[in-house]
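Only one structure is covered here, and it is reproduced in the block below.
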Amino acid sequence: MKRLTVPAVRARKGGEPLVMLTAYTVRMAQLLDPHCDILLVGDSLGQVIYGLPSTLPVTLDMMCAHGAAVVRGSYHALVIVDMPFGSYEASPDQAFASAARILAETGAAGVKLEGGETMAPTIAFLTARGVPVMAHVGLTPQSVNALGGYGARGRTNEEHSRIVADARAVAEAGAFSVVAEGVIEPLARTIAAEVACPVIGIGASAACDGQVLVAEDMLGLFERTPRFVKRYADMAGMIGDAAAAYAAEVRARTFPGPDQVYAPK
Ligand code: KIV
Ligand code: NA
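Take any residue in the sequence shown, count from 1 to its spot, add 193: that is its number in the numbering used here.
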């Protein structure tokens, strides 16, 4: 099957909703790929895979290693890799060097970066040089220190207007899609209506052009799940039950059984 392309994703504005999930590893990519339009190698892997306190310590090396694994495990979905904190904010040149490394080392089709009007010149710079950019506005976790937490955005008129302006600016700069995270529902609705490229929501609105969740959250694999996550499975429970059954059988010497041991020739 041919992989979905960036222009094909862009063309889905206002059409069939885009299905996006995060993936960090090859097996998860293989399992999610048939069901998704886009696989995001999110810097949320900092917390989810590495137990870090935020996404801030995530490195380009980590994103490249996991990005390559997800590309190897997928055939159908467009793969997008997050630019980690500190790898793109200083200048368009810095962003291009980081993005070029990500695309070259992983085989992903594009990158995602956080920020609105401030990042618009960088998005235009990358886009003009062959790097498709997915933007990310609203609650931008790499700015947790400036924002003071992970609460929903857009509750004041000033913040509401700023986020609409951010979404417009990144789309006009050439972003092929925009993630709108943790914004109040009417704001997400406004962004989806006013921005020309697909808006992909997380903690946003069903009116968006698509949805994204962290796979581990919706699978019930991560300890803390925010309000906007719906749990579609309880994999933590399944893993706990399996480990408990294994432990009991090892202790009772009933594992390995006859089927799991090698007979002499
Ligand atoms: O890092 C991530 O997983 C993300 C999504 C939640 C949009 O940026
Ligand atoms: Na991210």
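Beta carbons are placed, not taken as given, at the ideal position from N, Cα and C, and that holds for glycine.
Cβ-heavy atom distance, residue i to the ligand NA, below 7 Å
i    : result
D359 : no
S336 : no
Cβ-Cβ distance between residue i and residue j below 8 Å
i    : j    : result
M255 : G403 : no
V357 : V371 : no
G342 : E374 : no
A301 : V274 : yes
L406 : A429 : no
A328 : I316 : yes
A364 : A389 : yes
L412 : A426 : yes
L211 : A222 : no
Y217 : L238 : yes
V461 : R265 : Not covered by the structure: residue 461. The range shown for the chain is 194 to 458.
A366 : A283 : no
A397 : V376 : yes
Y281 : A288 : yes
F369 : R203 : yes
E409 : V241 : yes
Paired residues, beta bridge with residue i - DSSP
i    : result
H329 : E307 and V372
L238 : L238 pairs with nothing; no bridge assigned.
M213 : I231 and V405
I432 : In the DSSP output, where bridge partners are listed per residue, I432 has none listed.
D254 : DSSP output for D254 lists no bridge partner at all.
V392 : V371
R220 : DSSP output for R220 lists no bridge partner at all.
beta-carbon residue i near the ligand KIV non-hydrogen atom, thresh 7 Å
i    : result
I395 : yes
H228 : no
L233 : yes
H329 : yes
T215 : yes
V363 : no
V372 : yes
V405 : yes
Is the segment 337–348 close to the segment 373–393, with three or more CB pairs under 8 Å? Enough Cβ pairs lie closer than 8 Å, so yes.
Determine contact between the segment 249–259 and the segment 199–206, defined as no fewer than three beta-carbon pairs at a distance below 8 Å. No, they do not touch.
In chain order, what are the residues with a CB under 5 Å from some non-hydrogen atom of the ligand NA? After applying the 5 Å Cβ criterion, the set is G235, D236 and D275.
On the three-pair Cβ rule with 8 Å, is the segment 216–230 touching the segment 312–329? No, the segment 216–230 does not touch the segment 312–329.
Do the segment 333–342 and the segment 289–307 touch if we need at least three Cβ pairs shorter than 8 Å? With a cut-off of 8 Å on Cβ pairs, the segment 333–342 is in contact with the segment 289–307, counting three or more such pairs.
Answer yes if the segment 285–294 comes into contact with the segment 261–269, meaning at least three C-beta pairs across the two stretches below 8 Å, and no otherwise. The segment 261–269 is not in contact with the segment 285–294.
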